[in-house]
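Trainee: Take this structure, written in structure tokens, and hold onto it; I'll ask about it next.
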Amino acid sequence: MPQQVKGVIARAKGAPTELVTINIPDPGPGEAVVKISACGVCHTDLHYREGGIGEDFPYLLGHEAAGIVEAVGEGVRDLEPGDYVILNWRAVCGTCRACKRGRPWYCFATFNATQKMTLEDGTELSPALGIGAFADKTLVAAGQCTKIDPRARPAAAGLLGCGVMAGIGAAINTGNVGRGDSVAVIGCGGVGSAAIAGARLAGANKIIAIDIDDRKLAKAKELGATDVINSSGGDPVEQLQQLTGGFGADVVIEAVGRPETYQQAFYGRDLAGTVVLVGVPTPEMKLELPLLDVFGRGGSLKSSWYGDCLPDRDFPMLIDLYLQGRLPLDAFVSEEIGIDGIEGAFEKMHHGDVLRSVVVW
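Just so we're aligned: 1379 in the numbering used here is position 165 of the sequence shown, and the numbers increase by one with no gaps anywhere.
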């Protein structure tokens, strides 16, 4: 039977979020209804509220979530009621040209649930990143559900659904950080901090955290940074080179998404080094670099999509590392809040007071 649950929506650009009643249809073919256990408050949700991603209001916000499968639709295999899952926003199609080439982490035709969740008056909702998890329950494509070990704490596990996976994947999958490498991370919010944790997992020898907030730099040290640079106190490229024998880092991960910090990443890497852009820019931003420098410095300039992750491969593996005590996911949970605390969480995010506020049911 279709259900009515409570969910948090952004009704119009810049308007405060609202807790409203929403309608959840029964899962159709290839779909699942998931009861949400916890959902992180990500900066992407704020982008949706502010109209920075699209104009398909009203949006059902929330996407960094873990929960329990309640029901599945016709044709769903390998997923059943009671499964503990992390939701992902890149359900792999298996048939596009990337998937056929054996690179499903680049899938160009990811999909979401076909049916729409609605307001009580029938207005269709646009779920954030195809998930919409600031709700008691949500409807997703079954491929958006990745089963994990049920011992994992929901508030921590759900963060792999977006920001933490994006950062860890930027280091391990996109940046190919290896043992003994030097790594610099520009921007130490949730994604940048996760990139630091990922570089540590990969065995990097020197991990340099760069930010303008000493609180974030202190947290970066806890997560594995060997050195920190407060870039408000001088040229971060010069300081980065001083910490790397005058050469620059093997891999520089830009987790801000601004032209000026991207230039710092570009010039802060060693010759033939790698730059990874994982920070999300806004549409009006432009980048200008001398083409001769692009050629002369060699190496790779990469963008990291969702940490180039394959959820079915990466989520269970990272949860195993978490349960072994080798990946400190709990350190990313700054506070647990109720469903009515999202506006306050946005404010704390804006002021840099938290890595993640997590809504817990």
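Heads up, the beta-carbon is just placed ideally off N, CA and C, and yes, glycines get one too. Remember, it's a predicted structure, so these values are computed and weren't measured experimentally.
Nearest to Asn-1257 by alpha carbon, out of Ala-1469, Met-1499, Gly-1539 and Tyr-1476?
Mentor: Here residue 1257 refers to the residue found at position 43 when the sequence shown is read from its first residue. Note that residue 1257 is His in the sequence shown, not Asn. His-1257 has its Cα closest to that of Ala-1469, out of Ala-1469, Met-1499, Gly-1539 and Tyr-1476.
Trainee: Is it buried or exposed for Ala-1227, if we count other Cβ within 10 angstroms and need 16 for buried?
Mentor: Position 13 of the sequence shown, counted from the first residue, corresponds to residue 1227. Reading off the sequence shown, one finds Lys at residue 1227, where the question assumed Ala. It is exposed - the Cβ of Lys-1227 has fewer than 16 other Cβ atoms within 10 Å.
Trainee: Just how far apart, CA to CA, sit Ala-1486 and Cys-1376?
Mentor: Here residue 1486 refers to the residue found at position 272 when the sequence shown is read from its first residue. Here residue 1376 refers to the residue found at position 162 when the sequence shown is read from its first residue. Looking at the two C-alpha atoms, the distance is approximately 30 Å.
Trainee: With burial defined as no fewer than 16 other Cβ atoms inside 10 Å of the residue's Cβ, what is the status of Phe-1480: buried or exposed?
Mentor: Residue numbering aside, residue 1480 sits at position 266 when the sequence shown is read from its first letter. The residue is buried, with at least 16 neighbouring Cβ atoms inside 10 Å.
Trainee: Are the Cβ atoms of Val-1508 and Arg-1483 separated by less than 8 Å?
Mentor: Taking the sequence shown and counting its residues from 1, the one referred to as residue 1508 is at position 294. Taking the sequence shown and counting its residues from 1, the one referred to as residue 1483 is at position 269. Contact: no.
Trainee: Which word fits Ser-1446, buried or exposed, when buried means at least 16 other C-beta atoms lie within 10 angstroms of its C-beta?
Mentor: Along the sequence shown, one-based indexing puts residue 1446 at 232. Burial call: exposed.
Trainee: Do you know how far the Cα of Tyr-1273 is from the Cα of Arg-1225?
Mentor: Within the sequence shown, numbered from 1, the residue matching residue 1225 stands at position 11. Within the sequence shown, numbered from 1, the residue matching residue 1273 stands at position 59. Near 7 Å, if we compare the C-alpha coordinates of Tyr-1273 and Arg-1225.
Trainee: Does Ser-1396 come out as helix, strand or coil in the three-state DSSP assignment?
Mentor: Locating residue 1396 in the sequence shown gives position 182, where the first residue counts as 1. Of the three classes helix, strand and coil, the one that applies to Ser-1396 here is strand, per DSSP.
Trainee: Can you name the start and end residues of the alpha helix (DSSP H) that Asp-1507 belongs to?
Mentor: Start at 1 with the first residue of the sequence shown, and residue 1507 comes out as number 293. Its alpha helix (DSSP H) spans residues 1505-1511.
Trainee: Applying the criterion that 16 or more other CB atoms from any shown protein chain within 10 Å of the CB defines a buried residue, is His-1564 buried or exposed?
Mentor: Along the sequence shown, read from residue 1 onward, the residue named residue 1564 stands at position 350. Per the 10 Å Cβ criterion, exposed.
Trainee: Give a yes or no on whether the C-beta atoms belonging to Thr-1328 and Ala-1305 are separated by under 8 Å.
Mentor: As a working mapping, residue 1328 is identified with position 114 in the sequence shown. As a working mapping, residue 1305 is identified with position 91 in the sequence shown. Not closer than 8 Å, so no.
Trainee: Per DSSP, what kind of secondary structure is Ser-1251 in: helix, strand or coil?
Mentor: Within the sequence shown, residue 1251 is the residue found at index 37, counting from 1. DSSP places Ser-1251 in strand when its eight states are reduced to three.
Trainee: Kindly list the residues whose CB is nearer than 6 Å to the CB of Pro-1341, restricted to its own chain and excluding five residues on each side of it in sequence; keep chain order.
Mentor: For this step, residue 1341 is matched to residue 127 along the sequence shown. These residues qualify, in order along the chain: Leu-1274.
Trainee: So for Gln-1455, helix, strand or coil by DSSP?
Mentor: On the sequence shown, position 241 is the one that residue 1455 refers to. Helix at Gln-1455.
Trainee: Tell me the rounded alpha-carbon separation between Leu-1353 and Pro-1318.
Mentor: On the sequence shown, residue 1353 is found 139 positions in, with the first residue counted as 1. On the sequence shown, residue 1318 is found 104 positions in, with the first residue counted as 1. Whole-angstrom Cα-Cα distance: 23 Å.
Trainee: In the segment 1425-1477, which residue ranges form an unbroken beta strand (DSSP E) of at least 3 residues, counting only runs that do not cross its ends?
Mentor: The segment 1425-1477 contains these whole beta strand (DSSP E) runs: 1441-1444 and 1463-1468.
Trainee: Return the Cβ separation of Gly-1555 and Gly-1372 in integer angstroms, given the expectation that the two are a contact with Cβ distance under 8 Å.
Mentor: In the sequence shown, residue 1555 corresponds to position 341, counting from 1. In the sequence shown, residue 1372 corresponds to position 158, counting from 1. So it is not a contact: roughly 16 Å between Cβ atoms.
Trainee: Counting Cβ pairs, one atom from each stretch, are 3 or more of them under 8 Å apart for the segment 1406-1418 and the segment 1387-1395?
Mentor: Touching, per the Cβ criterion.
Trainee: Quick check on the burial criterion: 16 or more other C-beta atoms within 10 angstroms. Buried or exposed for Glu-1502?
Mentor: In the sequence shown, residue 1502 corresponds to position 288, counting from 1. So Glu-1502 ends up on the exposed side.
Trainee: Going by DSSP in three states, Gly-1552 sits in which element: helix, strand or coil?
Mentor: If you number the sequence shown from 1, residue 1552 lands on position 338. Here Gly-1552 sits in coil by DSSP.
Trainee: Spatial neighbours of Thr-1475 within its chain, please: CB distance less than 6 Å, with the 5 preceding and 5 following residues excluded, ordered by chain position.
Mentor: As a first step, residue 1475 must be located in the sequence shown, where it is residue number 261. Cβ within range, chain order: Ile-1400 and Glu-1468.
Trainee: If you drop the 5 nearest sequence neighbours on each side, which residues of the same chain put their C-beta closer than 7 Å to that of Ser-1548?
Mentor: In the sequence shown, counting from the first residue as 1, residue 1548 sits at position 334. These residues qualify, in order along the chain: Val-1568, Leu-1569, Arg-1570 and Ser-1571.
Trainee: Tell me which residues share the same chain as Gly-1513 and place their Cβ nearer than 6 Å to its Cβ, disregarding the 5 neighbours each side in the sequence.
Mentor: Stepping through the sequence shown from its first residue, residue 1513 is reached at position 299. Hits under 6 Å: Ala-1486, Gly-1487 and Thr-1488.
Trainee: Whole angstroms is fine: what's the gap from Lys-1351's alpha carbon to Asp-1297's?
Mentor: As a working note, residue 1351 is residue 137 in the sequence shown. As a working note, residue 1297 is residue 83 in the sequence shown. Cα-Cα distance, rounded: 14 Å.
Trainee: Among Gly-1471, Asp-1528, Trp-1519 and Ala-1434, whose alpha-carbon lies nearest the alpha-carbon of Lys-1500?
Mentor: For the purposes of this step, residue 1500 is taken as the residue at position 286 of the sequence shown. Answer by Cα proximity: Gly-1471.
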